[in-house]
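The structure appears right after this line, and notes come after that.
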């Protein structure tokens with residue numbers, strides 16, 4: 002399943018048997034949903050089919066997920082949570098852009114270390130990105146999540162820099178720019194078949210970040 006997060010401020014705690022069983026059920030639902038969506042399409046896949054593939058009831062499915070959108074986006078949602086944890090851990094000496102860049106590269110690299118075929122793997126995450134772009138319902142839900150993510154990121158940046166985000170616009174602007182750069186990299190990956198695996202995505206992200214300064218402050222017109 003997706004990378005499990007722990008609060009660095011809390012002592013390490015081994016999950017109990019009940020927690021592990023619940024995690025395995027959630028993992029199985031996400032994995033089955035992902036497989037069914039890829040095999041027969043998002044629209045044609047029902048909650049009943051997802052639940053049946055794991056041998057649980059529809060009622061059990063709704064204990065874990067509010068709807069089909071939520072289980073479909075769970076892979077990226079877990080990755081986003083992992084990114085937030087990585088961002089919180091970045092050294093205070095890094096400026097906001099450095100912290101964002103290093104946190105997202107670390108996140109993709111750690112995702113790439115997961116076994117292929119698992120919902121947390123780089124393969125599954127990249128497959129989901131393609132599915133989202135071809136499914137209007139999922140794209141709308143994903144864009145809503147991106148907006149929520151930007152608010153979280155802006156709050157973290159403001160806290161790191163000792164700013165009030167209600168007064169200082171820079172954390173929100175930086176979070177929005179970061180989200181745009183990341184989405185552009187994701188779309189580029191979908192279009193560039195030679196880019197594969199975590200390192201392919203990381204290279205695209207790095208290239209997009211390298212262009213951020215020239216795009217914002219450079220003269221785009223070629224010299225005459």
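In my numbering, the protein residues as written are 2 to 225. Note that CB positions come from ideal geometry on N, CA and C, so glycine has one too. Quick caveat: nothing in here was measured; it's all calculated off a predicted structure.
For residue j and residue i, the rounded distance between their alpha carbons
| i | j | result |
| --- | --- | --- |
| residue 67 | residue 31 | 13 Å |
| residue 89 | residue 224 | 42 Å |
| residue 54 | residue 36 | 10 Å |
| residue 49 | residue 58 | 8 Å |
| residue 152 | residue 173 | 7 Å |
| residue 148 | residue 157 | 15 Å |
| residue 93 | residue 160 | 11 Å |
| residue 209 | residue 221 | 16 Å |
| residue 39 | residue 133 | 11 Å |
| residue 17 | residue 131 | 36 Å |
| residue 51 | residue 123 | 22 Å |
| residue 175 | residue 56 | 45 Å |
| residue 188 | residue 81 | 17 Å |
| residue 201 | residue 166 | 34 Å |
| residue 26 | residue 128 | 22 Å |
| residue 98 | residue 46 | 40 Å |
| residue 164 | residue 42 | 45 Å |
| residue 137 | residue 95 | 37 Å |
| residue 216 | residue 171 | 18 Å |
| residue 24 | residue 168 | 41 Å |
| residue 150 | residue 19 | 30 Å |
Helix, strand or coil at residue i according to DSSP, with G and I counted as helix
| i | result |
| --- | --- |
| residue 222 | coil |
| residue 17 | coil |
| residue 212 | coil |
| residue 6 | Confidence in residue 6 is poor, its pLDDT being 38 and thus under 50, which makes the residue's placement unreliable; the coordinate value appears in the next sentence. Residue 6 falls in the coil class under three-state DSSP. |
| residue 217 | helix |
| residue 206 | helix |
Beta-carbon separation (whole angstroms), residue i vs residue j, contact threshold 8 Å
| i | j | result |
| --- | --- | --- |
| residue 70 | residue 139 | 6 Å |
| residue 87 | residue 108 | 5 Å |
| residue 84 | residue 100 | Contact doesn't hold; Cβ gap of about 11 Å is too wide. |
| residue 74 | residue 29 | With 8 Å as the limit, residue 74 and residue 29 do not qualify as a contact, their Cβ atoms being about 17 Å apart. |
| residue 33 | residue 113 | About 23 Å; that fails the 8 Å criterion. |
| residue 146 | residue 78 | 7 Å |
| residue 44 | residue 76 | Incorrect: roughly 19 Å between the Cβ atoms, too far for contact. |
| residue 206 | residue 106 | 6 Å |
For the stretch 35-113, list the alpha helix (DSSP H) runs that are entirely contained and at least 4 residues long, ordered along the chain.
-> For the stretch 35-113, whole alpha helix (DSSP H) runs of length 4 or above, ordered along the chain, are 48-55, 59-65, 69-73, 75-89, 97-113.
Tell me the start and end of each unbroken beta strand (DSSP E) in the stretch 133-190 that is at least 3 residues and wholly inside, in chain order.
-> As far as the stretch 133-190 is concerned, it has no whole beta strand (DSSP E) run of at least 3 residues.
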